[in-house]
Each structure stands twice: as C-alpha cells, then as structure tokens.
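For reference, the structure is listed below as structure tokens.
Numbering (this note's numbering), first residue to last: 10 to 185.
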C-alpha cells in the first residue's frame with residue numbers, strides 16, 4: 010500500500026470510531042503545497058481518545074518499541090508500521106525547551122473539517138520551532154504566511170503559552 014492508501018484507511022477507521030484527531034507534520038505541509046515528500050503520517054489525537062486510537066492502530070499494524078527522548082514530555086506517543094508506512098500518534102503533546110515545557114492545546118476548532126482532518130498550519134509553525142533541525146520547514150511555513158491570511162487568533166493563543174522568548178518574538182512578526 011502507498012502512504013496515500015494507508016492514510017485513507019487510517020483516517021476512515023478513526024473517523025468511524027469517532028476519534029478526535031488531526032493530521033500534521035509533512036503531510037500537512039504537502040497539503041499546503043510546500044515542497045516536501047511525506048514519508049510518514051503524524052497524527053495528534055485528543056487525550057480522551059488516545060487509548061482507543063492506540064488500540065485501533067495496533068490492530069491495523071505493528072507497534073514499534075519506543076526510545077525515550079528528553080525533548081518530548083508527551084503523555085502518549087506511539088509509533089506504528091501499517092503496510093510498511095510509519096505512523097506516529099501523539100496525544101497530550103508536550104515539548105521541553107530552554108524556558109520550560111510547551112503544552113500543545115489540542116483544539117478541534119483548529120482542525121479542517123472539510124475533507125481530511127488536517128491541523129492548522131499555525132500550530133505546526135510553532136511546534137516546528139521547538140524541534141531541532143526543522144528551521145527549513147519553519148521558513149517554508151513563513152513563506153506561506155506571506156501569501157495568505159494568518160490565523161491571528163490561534164497564533165495569539167499559542168503565543169500566550171510557555172514558549173522561548175525567541176519563538177514569541179518570531180510569532181509577533183505575524184501579529185503586527
């Protein structure tokens with residue numbers, strides 16, 4: 010199966026079971042026309058649905074054993090392989106940084122309800138700034154922001170959370 014076919018199968022299964030989730034990562038960037046080649050599927054799931062989502066994906070494929078990393082403090086992180094495609098499920102997403110811990114506020118209002126449930130590009134703009142080695146993706150998202158309306162309300166909400174000052178400063182340029 011291709012990544013697209015696996016995505017279709019996973020989305021249909023999660024939606025059928027009324028799991029609240031969003032698609033992020035490189036698939037989200039590709040959805041916005043950015044020049045990335047998605048190699049995996051990143052799903053962010055509402056905390057109350059995480060256990061059921063993990064079980065559903067485990068039933069569809071193979072659970073990958075996890076190495077702990079000090080960067081993430083995420084409540085639920087599980088990797089799966091379904092038909093040869095890597096899927097990362099995150100719930101209660103938290104990222105440690107030099108000034109504390111960013112706790113991602115999963116908000117269904119920021120999920121695109123038309124078509125596939127893609128997350129807000131604004132959300133991943135902030136998330137990518139907290140993950141080392143993602144500067145190119147941050148720059149690509151900023152390029153999109155120069156060409157379309159930025160979700161200022163969501164950006165202000167995220168800026169109010171525990172973020173490094175350098176990230177808040179970068180966010181501020183889009184709120185002027």
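Virtual Cβ for every residue (Gly too), placed ideally from N, Cα, C.
Every value quoted in this text rests on a predicted model; they were computed, and no experiment measured them.
Distance between residue j and residue i (C-alpha atoms, nearest Å)
{"i": "residue 132", "j": "residue 161", "result": "11 Å"}
{"i": "residue 34", "j": "residue 106", "result": "19 Å"}
{"i": "residue 37", "j": "residue 128", "result": "7 Å"}
{"i": "residue 186", "j": "residue 32", "result": "One cannot answer for residue 186 here, as it falls past the ends of the chain, which runs 10 to 185."}
{"i": "residue 16", "j": "residue 50", "result": "7 Å"}
{"i": "residue 2", "j": "residue 142", "result": "Only positions 10 to 185 of the chain appear in the structure, and residue 2 is not among them; the question remains open."}
{"i": "residue 164", "j": "residue 140", "result": "18 Å"}
{"i": "residue 13", "j": "residue 60", "result": "24 Å"}
Neighbourhood of residue i by C-beta, 6 Å cutoff - its chain only, sequence neighbours within 5 removed
{"i": "residue 30", "result": "23, 52, 54"}
{"i": "residue 179", "result": "none"}
Nearest to residue i (by Cα), restricted to the options the options
{"i": "residue 45", "options": "150, 62, 58", "result": "150"}
{"i": "residue 157", "options": "17, 14, 42, 10", "result": "42"}
{"i": "residue 25", "options": "47, 58, 49", "result": "58"}
{"i": "residue 91", "options": "38, 63, 101, 125", "result": "63"}
{"i": "residue 124", "options": "20, 67, 27, 154", "result": "20"}
{"i": "residue 177", "options": "138, 144, 146, 119", "result": "138"}
Beta-carbon spacing of residue i, residue j below 8 Å
{"i": "residue 135", "j": "residue 184", "result": "no"}
{"i": "residue 87", "j": "residue 72", "result": "yes"}
{"i": "residue 112", "j": "residue 170", "result": "yes"}
{"i": "residue 108", "j": "residue 174", "result": "yes"}
8 Å Cβ cutoff, residue i in contact with chain D
{"i": "residue 21", "result": "Any reference to chain D falls outside this structure, which holds one protein chain only."}
Bridge partners - residue i, DSSP secondary structure assignment
{"i": "residue 95", "result": "49, 90"}
{"i": "residue 71", "result": "90"}
{"i": "residue 103", "result": "112"}
{"i": "residue 32", "result": "52, 127"}
Spatial neighbours of residue i in its chain, beta-carbon cut-off 7 Å, leaving aside the 5 residues before and after
{"i": "residue 39", "result": "45, 47"}
Own chain residues within Cβ distance below 8 Å of residue i, not counting five before or after
{"i": "residue 56", "result": "84, 85, 100, 101, 115"}
{"i": "residue 75", "result": "86, 87, 88"}
{"i": "residue 126", "result": "20, 24, 30, 31, 32, 120"}
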